[in-house]
Amino acid sequence: PAVPATMPAGDTTLIAQWQVNQYTITFDSDGGSAVDSVTQDYGTAVTVPAVPTKVGYTFKGWDPAVPATMP
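Below, the structure written as structure tokens:
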């Protein structure tokens, strides 16, 4: 319920409502194949995207490393 505009005649309890933060990680493949962004809720395990490809190169990893959980 909304906060009353005027003080009620009796006690009132208000309950906080929360929504978890979401974060997006974007990836720059530096000329390699496109990599989709990852959007997930705070504290959840990060789903690592597919490894990008680039002709004549071997992918060695992301710098900095992809976090295990969202910040």
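Mapping of the sequence shown onto the numbering used here: residues 33 to 103, in sequence order. C-beta: ideal position from N, C-alpha, C; glycine also.
Identity of the residue in the options nearest residue i by Cα
{"i": "residue 59", "options": "44, 81, 40", "result": "81"}
{"i": "residue 91", "options": "67, 43, 40", "result": "67"}
{"i": "residue 98", "options": "86, 42, 69", "result": "69"}
{"i": "residue 94", "options": "103, 64, 87", "result": "64"}
Cβ separation of residue i and residue j, assumed to be a contact under 8 Å, to the nearest whole Å
{"i": "residue 61", "j": "residue 96", "result": "Contact doesn't hold; Cβ gap of about 15 Å is too wide."}
{"i": "residue 36", "j": "residue 45", "result": "Not confirmed; about 12 Å, so no contact."}
Nonlocal neighbours in the same chain, by C-beta distance under 7 Å from residue i, ignoring five residues either side
{"i": "residue 77", "result": "100, 101"}
Alpha-carbon spacing of residue i relative to residue j, whole angstroms
{"i": "residue 89", "j": "residue 48", "result": "52 Å"}
{"i": "residue 103", "j": "residue 42", "result": "42 Å"}
{"i": "residue 51", "j": "residue 87", "result": "43 Å"}
Cβ contact (3+ pairs, closer than 8 Å) linking the stretch 65-73 and the stretch 40-56: yes
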